[in-house]
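Undergrad:
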Amino acid sequence: MTTFLDNFFFSYQTLIFALGINGLLALSMYTVLAVGQLSLGQAAFMGIGAYVSALLTLHLDWPFAAVLLAAMIVPALFALLIGGPTLKLTGVYLALATIALGEIIRIFCNTSDLTGGALGLSGIPNKTTFTLIFGLLALALVNFVLIARSRVGRAMEAMREDEVAAGVMGINLPAMKLGALVVSAMLAGLAGALNAHANSFIGPNDYGFDQAVTILSFALLGGIGSPFGPVLGAVILTLLPELLTALHDFKLVVNGFIIVVAVLYMPRGLLSWRIGRVG
Amino acid sequence: MTSMSNNLLKIEDLTVRFHGLVAVDHVSFQVEPGTVHGLIGPNGAGKTTCFNLISGLIPPTSGRAILAGAPLVGPSWKRTRAGLSRTFQNIRMFQEMTVRENVMTGMQARLHASVPEILSRLGRFRKEETAAKVRADELLEFVGLAASADRRAGDLSYGDQRRLEIARAVASGPKLLMLDEPAAGMNPTETRELVELLLRLKQDGLTLLLVEHDMHFVMSLCDRITVLNFGRKIAEGTPREVRENPDVIEAYLGAKVAERLKGGTA
Ligand SMILES: Nc1ncnc2c1ncn2[C@@H]1O[C@H](COP(=O)(O)OP(=O)(O)O)[C@@H](O)[C@H]1O
Ligand SMILES: [Mg+2]
Numbered sequence: 247m248t249t250f251l252d253n254f255f256f257s258y259q260t261l262i263f264a265l266g267i268n269g270l271l272a273l274s275m276y277t278v279l280a281v282g283q284l285s286l287g288q289a290a291f292m293g294i295g296a297y298v299s300a301l302l303t304l305h306l307d308w309p310f311a312a313v314l315l316a317a318m319i320v321p322a323l324f325a326l327l328i329g330g331p332t333l334k335l336t337g338v339y340l341a342l343a344t345i346a347l348g349e350i351i352r353i354f355c356n357t358s359d360l361t362g363g364a365l366g367l368s369g370i371p372n373k374t375t376f377t378l379i380f381g382l383l384a385l386a387l388v389n390f391v392l393i394a395r396s397r398v399g400r401a402m403e404a405m406r407e408d409e410v411a412a413g414v415m416g417i418n419l420p421a422m423k424l425g426a427l428v429v430s431a432m433l434a435g436l437a438g439a440l441n442a443h444a445n446s447f448i449g450p451n452d453y454g455f456d457q458a459v460t461i462l463s464f465a466l467l468g469g470i471g472s473p474f475g476p477v478l479g480a481v482i483l484t485l486l487p488e489l490l491t492a493l494h495d496f497k498l499v500v501n502g503f504i505i506v507v508a509v510l511y512m513p514r515g516l517l518s519w520r521i522g523r524v525g
Numbered sequence: 608m609t610s611m612s613n614n615l616l617k618i619e620d621l622t623v624r625f626h627g628l629v630a631v632d633h634v635s636f637q638v639e640p641g642t643v644h645g646l647i648g649p650n651g652a653g654k655t656t657c658f659n660l661i662s663g664l665i666p667p668t669s670g671r672a673i674l675a676g677a678p679l680v681g682p683s684w685k686r687t688r689a690g691l692s693r694t695f696q697n698i699r700m701f702q703e704m705t706v707r708e709n710v711m712t713g714m715q716a717r718l719h720a721s722v723p724e725i726l727s728r729l730g731r732f733r734k735e736e737t738a739a740k741v742r743a744d745e746l747l748e749f750v751g752l753a754a755s756a757d758r759r760a761g762d763l764s765y766g767d768q769r770r771l772e773i774a775r776a777v778a779s780g781p782k783l784l785m786l787d788e789p790a791a792g793m794n795p796t797e798t799r800e801l802v803e804l805l806l807r808l809k810q811d812g813l814t815l816l817l818v819e820h821d822m823h824f825v826m827s828l829c830d831r832i833t834v835l836n837f838g839r840k841i842a843e844g845t846p847r848e849v850r851e852n853p854d855v856i857e858a859y860l861g862a863k864v865a866e867r868l869k870g871g872t873a
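The listed protein sequences derive, respectively, from chains P and F. When the letters of the first sequence are read in order and numbered with my numbering, they come out as residues 247 to 525. When the letters of the second sequence are read in order and numbered with my numbering, they come out as residues 608 to 873.
1) Output yes or no for whether 8 Å exceeds the beta carbon distance between residue 674 (chain F) and residue 833 (chain F).
2) Is it buried or exposed for residue 867 (chain F), if we count other Cβ within 10 angstroms and need 16 for buried?
3) Does the beta-carbon of residue 651 (chain F), which I'm using as the reference point, lie nearer than 7 Å to any heavy atom of ligand 1?
4) Between the C-alpha atoms of residue 450 (chain P) and residue 510 (chain P), what's the straight-line distance to the nearest angstrom?
5) Using a Cβ cut-off of 8 Å, pull out every chain F residue sitting near residue 415 (chain P), in sequence order please.
6) With DSSP as the reference, please indicate the residues paired to residue 618 (chain F) in a beta bridge.
7) Cβ-heavy atom distance between residue 277 (chain P) and ligand 2 below 7 Å?
8) Hey, residue 787 (chain F) and residue 642 (chain F) are a contact pair by Cβ (cut 8 Å); roughly how many whole angstroms apart?
9) Report the residue ranges of all alpha helix (DSSP H) runs contained in full by the segment 665 to 744 of chain F; include only those spanning at least 4 residues, in chain order.
10) If I measure Cβ to Cβ from residue 602 (chain F) and keep anything under 6 Å in the same chain, skipping five residues before and after, which residues do I get?
11) Measuring only the C-alpha atoms, how far is residue 334 (chain P) from residue 775 (chain F)?
12) Examine the Cβ distances between the segment 516 to 525 of chain P and the segment 308 to 316 of chain P and report whether three or more of them are shorter than 8 Å.
13) Listing by chain order, which chain F residues have their CB less than 9 Å from the CB of residue 445 (chain P)?
14) Look at residue 672 (chain F) and residue 838 (chain F) and say whether their C-beta atoms are less than 8 Å apart.
15) So, under 8 Å CB-CB, residue 271 (chain P) and residue 481 (chain P) are touching, yes? Tell me the CB distance rounded to an integer number of Å.
16) Given a threshold of 16 other Cβ atoms within 10 Å of its Cβ, counted over all protein chains shown, does residue 725 (chain F) qualify as buried or as exposed?
17) Using a Cβ-Cβ cutoff of 7 Å, what residues of the segment 740 to 760 of chain F are near chain P? List them in chain order.
18) How would you write the range of the alpha helix (DSSP H) that residue 835 (chain F) sits in, first residue to last?
19) Going by DSSP, name the residue or residues bridged to residue 447 (chain P).
20) Could you give the DSSP three-state label for residue 520 (chain P): helix, strand or coil?
21) Would you say the beta carbon of residue 483 (chain P) comes nearer than 7 Å to a heavy atom of ligand 1?
22) Which residues in the same chain as residue 656 (chain F) place their Cβ atom closer than 7 Å to its Cβ, once the five residues preceding and following it in sequence are excluded?
23) Could you check where the alpha helix (DSSP H) with residue 879 (chain F) kicks off and where it finishes?
24) Would you say the segment 433 to 442 of chain P touches the segment 336 to 350 of chain P, given that touching needs at least three Cβ pairs under 8 Å?
25) Residue 458 (chain P) and residue 288 (chain P): beta carbons closer than 8 Å?
26) What are the partner residues of residue 843 (chain F), as DSSP defines its beta bridges?
27) Quick one, which residues of the segment 337 to 349 of chain P are near chain F if we go by CB-CB under 8 Å, in chain order?
28) So which residues put a beta carbon under 7 Å from any heavy atom of ligand 2, going in chain order?
29) Along the segment 401 to 412 of chain P, where does the CB come closer than 7 Å to a CB of chain F? Name the residues.
30) Under a CB-based cut-off of 8 Å, is residue 702 (chain F) close to chain P?
31) Any idea which residues DSSP pairs residue 624 (chain F) with across the strands?
32) With a threshold of 7 Å, establish whether the CB of residue 442 (chain P) neighbours any heavy atom of ligand 1.
33) Does the separation of the CB atoms of residue 426 (chain P) and residue 278 (chain P) fall below 8 Å?
34) Residues in the same chain with beta-carbon distance under 8 Å from residue 639 (chain F), minus the five sequence neighbours each way, listed in chain order, please.
35) Would residue 731 (chain F) pass as an interface residue toward chain P - the criterion being a Cβ-Cβ separation below 8 Å?
36) DSSP three-state call for residue 395 (chain P): helix, strand or coil?
Written as structure tokens, this is what we have:
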């Protein structure tokens, strides 16, 4: 009987943690979409954060706060590396470059001894707590609202609506795009680190293209009129497979279907409410 | 042509080639400060392309534009920060934003609160944001849209969107405002109000470069006019000089006849 309860709480806790971590990933996706760009590198940034944090904990025994910081900085450096050249070009180049990054990371993690190859890394201590995940998610949301209601939020929405007109408004387009990609990489890296220290195991196939698509579907389902939309999308798409266990095996199909439906029939997503832009 | 120094905008030998077509062909002219300068010509003459070259949306094949002594270089956002502002022939509103937010977006180049200041709501943020809001409401009052400040911009009528686009362009505090067919699609009453609005902007010391199709509109507003045809400058002068210029008459008549022939009504 106690094992049953233990198991129950264990899976319950996993689900609750997943809600918060996926919420952070959804915000990471939102940051890029909100300036009118498409990145498919969220899973890769998450993976970088996960591996960097796990290695620092396992091998160097860094304090968790420093580990989380590093898990944000390293993906940010990757974002600078791929964003610098591709963001000067138009839309699709960033998407392509981030897909390539994802593949490179996956292949590297699959083959390198450092990352444990296909077996991944195990025995990562559980350091992530409920308070930490949801505290950070709340903090991120508050910051997003404060940013939205400012000159930066107006610039973001202007870029998303009409990049040519946004440029004519004097908005520093390259700086905004690069800034958004860097922040998005930091959030995904943070989520990756929290996830690694909640699950005790990470493997190279956790951060593939299907995970990138899943993260994209959070934002498209919830809508990007405000930062709350993507978080709502993440909550729904995290709970749905748990409620309808039959869906579990078709997660990727369901997510693909949601993207198609969202793009065709609900361009504003479920939460069409638009956040105000005056501080 | 002797006092070359008294110009706000100087266009030097501006040329752009699209594949085979020379859309703007070695065009040079100057805009004096405090004036309304017209850029006219039949459809397809290269007026909008000229605006796109000056504002940095497309790169020139050769030539350059100089604003207040400094060559305009780089992408559009840098040129806006150098004191250039424009509207579009096909209105480009931020439709989902409110009317006030649109005007405040026009102030990007003048707002400097840093991200830490924005997140903490400290430092420059509050003062700057409040001032921007007040200024936006003044501009909306000025163009007659004060009552619509909180409406979705995309819901405004066509004529109101044109005026909002002007308010948004003025919001950056430009040295030169370029307007691409601001009266297009307006009814006669709206057009008359627009003339008044533009004259008030001129009175406030703003320099205007104006592309317009409607000859009466141009003649009633402009101090000087440059005429383009097939990408080339064919005439320049006061409205009276331009109106009596045989090349101009021919260009416009030619275009009209061609249009009629195309429509089969000639
Ligand atoms: N980006 C472009 N590529 C190719 N041709 C263009 C482009 N922009 C404009 N043109 C052509 O250049 C000519 C001038 O166009 P435009 O400047 O829009 O004329 P208008 O004087 O009516 O504003 C037209 O023949 C147009 O088709
Ligand atoms: Mg035109």
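Glycine residues also receive a C-beta, built at the ideal position from the N, C-alpha and C atoms.
TA: Inspection of the coordinates gives the following:
1) The count along the second sequence starts at 1 and reaches residue 674 (chain F) at position 67. The count along the second sequence starts at 1 and reaches residue 833 (chain F) at position 226. No, the Cβ-Cβ distance between residue 674 (chain F) and residue 833 (chain F) is not below 8 Å.
2) Walking along the second sequence from the start, residue 867 (chain F) turns up at place 260. Flag for residue 867 (chain F) reads exposed.
3) Counting from one through the second sequence, the residue named residue 651 (chain F) turns up at place 44. Yes; taking the cut-off as 7 Å, the Cβ of residue 651 (chain F) has a heavy atom of ligand 1 nearer than that.
4) Within the first sequence, residue 450 (chain P) is the residue found at index 204, counting from 1. Within the first sequence, residue 510 (chain P) is the residue found at index 264, counting from 1. Each residue's Cα considered, the two are about 33 Å apart.
5) Taking the first residue of the first sequence as position 1, residue 415 (chain P) is located at position 169. Within 8 Å Cβ-Cβ: 684, 687, 712, 713, 715, 716, 775, 779.
6) The residue you call residue 618 (chain F) lines up with position 11 of the second sequence. Bridge partners of residue 618 (chain F): F:636, F:672.
7) Sequence index remark: in the first sequence, residue 277 (chain P) carries index 31 (1-based). Result no, Cβ not under 7 Å from ligand 2.
8) Position 180 of the second sequence holds residue 787 (chain F). Position 35 of the second sequence holds residue 642 (chain F). Their Cβ separation, rounded to whole angstroms, is 18 Å, which puts residue 787 (chain F) and residue 642 (chain F) out of contact at 8 Å.
9) 683 to 688, 706 to 712, 722 to 727
10) Lying outside 608 to 873, the shown extent of chain F, residue 602 (chain F) is not represented and no answer is given.
11) Residue mapping note: residue 334 (chain P) aligns to position 88 of the first sequence, counting from 1. Residue mapping note: residue 775 (chain F) aligns to position 168 of the second sequence, counting from 1. Using only the alpha carbons, I get a separation of about 26 Å.
12) no
13) In the first sequence, residue 445 (chain P) corresponds to position 199, counting from 1. Residues of chain F passing the Cβ test: none, with the nearest at roughly 31 Å.
14) Position 65 of the second sequence, counting from 1, holds the residue named residue 672 (chain F). Position 231 of the second sequence, counting from 1, holds the residue named residue 838 (chain F). Taking 8 Å as the Cβ cut-off, residue 672 (chain F) and residue 838 (chain F) do not qualify as a contacting pair.
15) Translated into positions along the first sequence, residue 271 (chain P) becomes position 25. Translated into positions along the first sequence, residue 481 (chain P) becomes position 235. 12 Å between Cβ atoms; not a contact.
16) Counted from its first residue, the second sequence places residue 725 (chain F) at position 118. Answer is buried; the Cβ neighbour count reaches 16.
17) 740
18) Numbered from 1 along the second sequence, position 228 holds the residue referred to as residue 835 (chain F). Looking at the DSSP string, residue 835 (chain F) is not in any alpha helix (DSSP H); the run it does join, the beta strand (DSSP E), is 831 to 836.
19) Within the first sequence, numbered from 1, the residue matching residue 447 (chain P) stands at position 201. DSSP output for residue 447 (chain P) lists P:368 as bridge partner(s).
20) By 1-based counting over the first sequence, the position of residue 520 (chain P) is 274. Note: residue 520 (chain P) maps to coil in three-state DSSP.
21) Along the first sequence, one-based indexing puts residue 483 (chain P) at 237. No, ligand 1 has no heavy atom inside 7 Å of this Cβ.
22) Counting from 1 along the second sequence, the entry for residue 656 (chain F) is found at position 49. The residues are 623, 630, 631.
23) In the structure as shown, chain F starts at 608 and stops at 873, and residue 879 (chain F) therefore has no counterpart that could be examined.
24) no
25) The sequence position of residue 458 (chain P) within the first sequence is 212, counting from 1. The sequence position of residue 288 (chain P) within the first sequence is 42, counting from 1. Their beta carbons are under 8 Å apart, which means residue 458 (chain P) touches residue 288 (chain P) by this criterion.
26) Taking the first residue of the second sequence as position 1, residue 843 (chain F) is located at position 236. DSSP, once it has assigned bridges, lists F:833 as partnering residue 843 (chain F).
27) none
28) F:654, F:655, F:696, F:787, F:788, F:818
29) 401, 403, 404, 407, 408, 410, 411
30) Taking the first residue of the second sequence as position 1, residue 702 (chain F) is located at position 95. With 8 Å as the cut-off, residue 702 (chain F) counts as an interface residue toward chain P.
31) Position 17 of the second sequence, counted from the first residue, corresponds to residue 624 (chain F). Beta-bridge pairing links residue 624 (chain F) to F:629.
32) Residue 442 (chain P) sits at position 196 when you count from the first residue of the first sequence. Outside the cutoff, so no.
33) Position 180 of the first sequence holds residue 426 (chain P). Position 32 of the first sequence holds residue 278 (chain P). Yes, the Cβ-Cβ distance between residue 426 (chain P) and residue 278 (chain P) is below 8 Å.
34) The residue labelled residue 639 (chain F) in the question sits at position 32 within the second sequence. The residues are 613, 614, 615, 814, 830, 831.
35) Translated into positions along the second sequence, residue 731 (chain F) becomes position 124. Taking Cβ atoms only, chain P never reaches closer than 8 Å to residue 731 (chain F), which makes this a no.
36) Here residue 395 (chain P) refers to the residue found at position 149 of the first sequence. Of the three classes helix, strand and coil, the one that applies to residue 395 (chain P) here is coil, per DSSP.
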